[in-house]
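In what follows, a structure is listed as structure tokens, so that the remarks can point back to it.
Number of protein chains: 2
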Amino acid sequence: MKILCNPKELIYSTSIVQKAVSSKTTLPILKGIFLEAFDQNLRLVTTDMELGIDHVMEANIIEEGSAVVDARLFSEIIRKLPDSEVEISLKDNSELLIKCASVKFNILSYNPSEFPELPKIKEEQMYEIPQELFKNMIRQTVFATAEDETRPILTGVLMEIEKDMLNMVALDGYRVALRKGRIKSELNNKVVIPGKTLNEINHIMSGEEDEKVQISFTNNHALFIINNTKLISRLLEGEFINYNQVIPKEFSSRVKVRTVQLLDSIERASLLGREGRNNLVKFTFADKKMIINSNSKLGNVHEEIEIEYEGEELQIAFNSKYFIDALRVVNDDFIYLELTTALSPGIIKPASNDNIIYLILPVRLASY
Amino acid sequence: MKILCNPKELIYSTSIVQKAVSSKTTLPILKGIFLEAFDQNLRLVTTDMELGIDHVMEANIIEEGSAVVDARLFSEIIRKLPDSEVEISLKDNSELLIKCASVKFNILSYNPSEFPELPKIKEEQMYEIPQELFKNMIRQTVFATAEDETRPILTGVLMEIEKDMLNMVALDGYRVALRKGRIKSELNNKVVIPGKTLNEINHIMSGEEDEKVQISFTNNHALFIINNTKLISRLLEGEFINYNQVIPKEFSSRVKVRTVQLLDSIERASLLGREGRNNLVKFTFADKKMIINSNSKLGNVHEEIEIEYEGEELQIAFNSKYFIDALRVVNDDFIYLELTTALSPGIIKPASNDNIIYLILPVRLASY
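Respectively, the protein sequence lines represent chains A and B. Here my numbering is used: the first residue of the first sequence is 1, the next is one more, and so on. Here my numbering is used: the first residue of the second sequence is 369, the next is one more, and so on.
Here you go:
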């Protein structure tokens with residue numbers, strides 16, 4: 001193996017594949033990047049056995065071949081090289097020589113035949129989604145996945161494709177995030193993608209207007225193609241909760257409020273609520289105004305904001321974190337908040353379109 | 369106590385005094401900010417019993433008085449308030465009411481009479497130092513203080529004033545940093561200031577060209593005045609090492625090298641050396657070139673740079689961290705590196721002036 005390449009492109013490509021490098025593993029080779037020189041390309045591959053990334057960049061190949069080097073060390077070295085053409089070659093099948101101007105690094109290469117192969121997925125029956133839309137859909141759902149692993153399926157996001165419509169759904173037992181997006185598709189499908197995979201895809205997508213991401217599924221894996229990068233992710237197994245049954249269709253009170261104003265108020269209230277277990281914030285709705293308050297042993301806060309309100313007077317309490325998470329990504333100047341009783345879920349919807357629904361369970365107040 | 373004030377000024381003032389708030393203390397009141405309304409001013413005071421900060425800002429005082437509130441909570445609250453005049457008042461001597469637009473916070477106030485008073489220091493016999501100069505002098509010495517507390521005096525920086533000359537010196541047993549600066553003074557003095565104090569002063573000083581810092585000393589304390597802010601720091605007790613005896617006056621070899629080039633090379637070499645205990649980097653000097661190399665079980669690096677060299681061929685090894693720390697702040701395009709043998713200290717000096725001397729002890733190589 002011997003190649004010449006541009007240092008900036010090498011840094012960029014390494015930064016992309018680094019996201020799938022195992023941070024905690026007992027298998028040292030999974031801390032590595034598999035490098036393969038072929039035709040006029042350099043392929044970089046990493047995997048933590050859940051997510052694999054395969055990225056191809058142009059390079060001047062003098063001799064084909066492959067090597068596996070420690071990802072962190074390789075990345076640190078190439079970032080510190082002078083801005084000049086880099087020569088990479090394999091010595092005695094066990095050392096990678098990196099030359100740049102008058103700098104010469106020799107680093108250990110693992111045996112590339114021991115590096116696990118990524119699952120092969122046929123690139124047919126691909127869905128195509130604009131990157132900008134997919135970025136929004138990820139950002140507006142992934143925060144609601146469960147953090148603890150006791151029910152692994154809840155650490156993922158449901159992708160449900162039906163009749164030109166993609167529904168993405170995350171829920172953790174206390175809240176639901178549902179985002180609908182219109183796409184072109186002739187196939188129906190229903191898979192659960194790990195939240196971590198979607199976060200990495202979100203980072204890799206440029207989100208530029210004309211850019212697309214191609215997606216394909218097998219029974220166990222999903223393949224995402226973003227330009228020269230392929231991500232292959234394991235799917236989560238198990239039955240996803242029937243979210244349609246959980247989301248109420250009716251409500252008895254409806255609030256219209258300026259998103260930023262409500263977010264600011266809840267963020268203030270959360271400064272005090274934080275000490276307790278539930279980040280409790282209490283809302284009281286009456287004609288044209290909403291009172292937000294929170295108490296803890298540190299003190300209390302009371303605030304009034306203007307709203308449009310249809311319904312009876314109502315007092316209800318929530319975990320402020322769940323409201324903050326949703327309001328930060330809802331992307332509309334105004335939201336509707338739909339309520340029924342102090343013990344039934346609250347529904348947040350953007351006021352100017354119906355592609356997002358957030359459900360949040362209330363917290364039962366001690367005095368009830 | 370009742371005051372009206374501008375939220376931005378309150379945020380700025382709080383951020384200044386927060387630097388002396390105790391992070392780990394068994395005395396809860398030391399996590400607080402003492403607030404005192406007097407004349408047309410609001411005074412904010414904090415202390416961790418080593419360093420105290422006293423800052424005064426303008427405010428509209430409706431009723432004089434004082435309170436002590438949790439610094440972190442107070443700071444978070446005022447940062448989240450709407451951009452509108454803030455009213456602060458004390459209720460029942462135990463609660464501070466913070467009002468801003470339609471927001472009302474009530475937070476616990478400690479008893480202000482229990483807040484420790486800062487040591488009183490007469491504001492006479494003051495030295496005056498331009499902030500820009502003092503910032504540089506701190507930055508160019510404080511990194512060389514000892515981190516571990518086994519010899520407390522080494523966690524501070526010696527300030528030695530003699531005949532219009534200020535010498536600042538830090539040393540940790542492996543290296544010495546000496547920075548000389550010309551100031552106007554009629555008094556001689558010699559004190560050791562905790563490194564932490566100097567770091568906080570450095571953050572508070574704007575460093576603008578015409579701004580000055582006033583300094584005064586007692587037997588146990590130093591007072592620094594920066595505009596409306598006073599910092600009162602405990603001095604470190606004990607005898608500082610006679611640094612003049614440590615710094616060799618003669619040398620047998622001298623290198624002239626471009627600072628950035630040497631820094632880049634050592635940073636690259638340190639990527640491999642890091643695994644070992646000493647961050648070892650090896651220099652070999654010969655006519656007009658310097659070879660930098662480093663080895664570890666991860667691999668090795670070899671690099672050559674052009675230098676001007678007077679002396680015999682010499683090989684010497686250092687802890688790369690000490691070189692990197694010094695070269696990052698030396699502030700000159702070229703440095704001189706003065707050497708004698710592989711076992712005697714290396715001296716770094718800026719090439720174009722003689723106000724800085726760094727001494728670094730070499731590491732004995734196993735093969736010697």
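Just so you know, even glycine gets a beta-carbon here, dropped at the ideal spot from N, CA and C.
Can you check DSSP and say which residues form a bridge with residue i?
i: residue 358 of chain A; result: A:177 and A:348
i: residue 571 of chain B; result: In DSSP, residue 571 of chain B forms no bridge with anything.
i: residue 35 of chain A; result: A:44 and A:67
i: residue 582 of chain B; result: B:496 and B:593
i: residue 53 of chain A; result: A:46 and A:231
i: residue 194 of chain A; result: A:156
i: residue 12 of chain A; result: Beta-bridge pairing links residue 12 of chain A to no other residue.
i: residue 105 of chain A; result: A:98 and B:669
i: residue 685 of chain B; result: B:650 and B:731
i: residue 702 of chain B; result: B:626
i: residue 58 of chain A; result: A:41
Given that a residue counts as buried once 16 or more other Cβ atoms are within 10 Å of its Cβ, and exposed if not, what is residue i?
i: residue 8 of chain A; result: exposed
i: residue 736 of chain B; result: A caution first: residue 736 of chain B carries a pLDDT of 42, below 50, which makes its placement in the model unreliable, though a value can still be read off. Under this definition residue 736 of chain B is an exposed residue.
i: residue 55 of chain A; result: buried
i: residue 597 of chain B; result: buried
i: residue 3 of chain A; result: buried
i: residue 270 of chain A; result: buried
i: residue 394 of chain B; result: exposed
i: residue 647 of chain B; result: buried
i: residue 43 of chain A; result: buried
i: residue 242 of chain A; result: exposed
i: residue 364 of chain A; result: exposed
i: residue 432 of chain B; result: exposed
i: residue 353 of chain A; result: exposed
i: residue 187 of chain A; result: exposed
i: residue 28 of chain A; result: exposed
i: residue 381 of chain B; result: buried
i: residue 116 of chain A; result: exposed
i: residue 343 of chain A; result: exposed
i: residue 159 of chain A; result: buried
i: residue 333 of chain A; result: exposed
i: residue 49 of chain A; result: exposed
i: residue 588 of chain B; result: exposed
Contact defined as beta carbons within less than 8 Å: I believe residue i pairs with residue j. What is the distance between those atoms, to the nearest angstrom?
i: residue 324 of chain A; j: residue 178 of chain A; result: That belief does not hold up - the Cβ atoms of residue 324 of chain A and residue 178 of chain A are roughly 18 Å apart, past 8 Å.
i: residue 436 of chain B; j: residue 401 of chain B; result: 7 Å
i: residue 181 of chain A; j: residue 133 of chain A; result: 5 Å
i: residue 272 of chain A; j: residue 298 of chain A; result: 6 Å
i: residue 100 of chain A; j: residue 112 of chain A; result: So it is not a contact: roughly 23 Å between Cβ atoms.
i: residue 384 of chain A; j: residue 169 of chain A; result: Only positions 1 to 368 of chain A appear in this structure, which leaves residue 384 of chain A out of reach.
i: residue 716 of chain B; j: residue 729 of chain B; result: Contact doesn't hold; Cβ gap of about 13 Å is too wide.
i: residue 47 of chain A; j: residue 30 of chain A; result: 7 Å
i: residue 544 of chain B; j: residue 615 of chain B; result: 6 Å
i: residue 551 of chain B; j: residue 497 of chain B; result: 5 Å
i: residue 679 of chain B; j: residue 621 of chain B; result: 3 Å
i: residue 38 of chain A; j: residue 62 of chain A; result: Not quite, the Cβ-Cβ distance comes to about 12 Å (not below 8 Å), so this is no contact.
i: residue 650 of chain B; j: residue 664 of chain B; result: 12 Å between Cβ atoms; not a contact.
Can you tell me whether residue i sits near the ligand FAD, meaning its C-beta is under 7 Å from at least one heavy atom of the ligand?
i: residue 340 of chain A; result: In the structure shown, the ligand FAD is absent, as is every other ligand, since no ligand is present at all.
> In the region 60-72 of chain A, which residues sit with their C-beta less than 8 Å from some C-beta in chain B, listed in chain order?
Replying inline: 70
> Pairing CB atoms from the region 666-676 of chain B with CB atoms from the region 628-640 of chain B, are three or more of them under 8 Å?
Replying inline: yes
> Taking three-plus beta-carbon pairs below 8 Å as touching, is the region 191-204 of chain A in contact with the region 117-127 of chain A?
Replying inline: no
>> Tell me which residues of the region 97-126 of chain A have at least one Cβ-Cβ distance to chain B shorter than 8 Å, keeping chain order.
In response: 102, 103, 104, 105, 106, 107 and 108
> Between the region 277-303 of chain A and chain B, which residues of the former have CB atoms less than 7 Å from a CB of the latter, in chain order?
Replying inline: 298, 299, 300, 301, 302 and 303
> What residues from the region 254-268 of chain A come within 9 Å of chain B, judged by C-beta to C-beta, listed N to C?
Replying inline: 264, 265, 267 and 268
> Which residues, in order along the region 683-706 of chain B, keep a beta-carbon less than 9 Å from a beta-carbon of chain A?
Replying inline: none
> the region 440-465 of chain B: which residues have C-beta closer than 9 Å to a C-beta of chain A, in chain order?
Replying inline: 441, 444, 445, 448, 449, 450, 463 and 464
> Is it a yes or a no for the region 691-705 of chain B touching the region 507-525 of chain B, going by three-plus beta-carbon pairs under 8 Å?
Replying inline: yes
> Of the residues that make up the region 381-399 of chain B, which ones have a beta carbon closer than 8 Å to any beta carbon in chain A?
Replying inline: none
> Do the region 237-244 of chain A and the region 153-160 of chain A make contact, defined as three or more Cβ pairs closer than 8 Å?
Replying inline: yes
> If contact means a Cβ-Cβ distance below 9 Å, which residues of the region 40-51 of chain A contact chain B?
Replying inline: none
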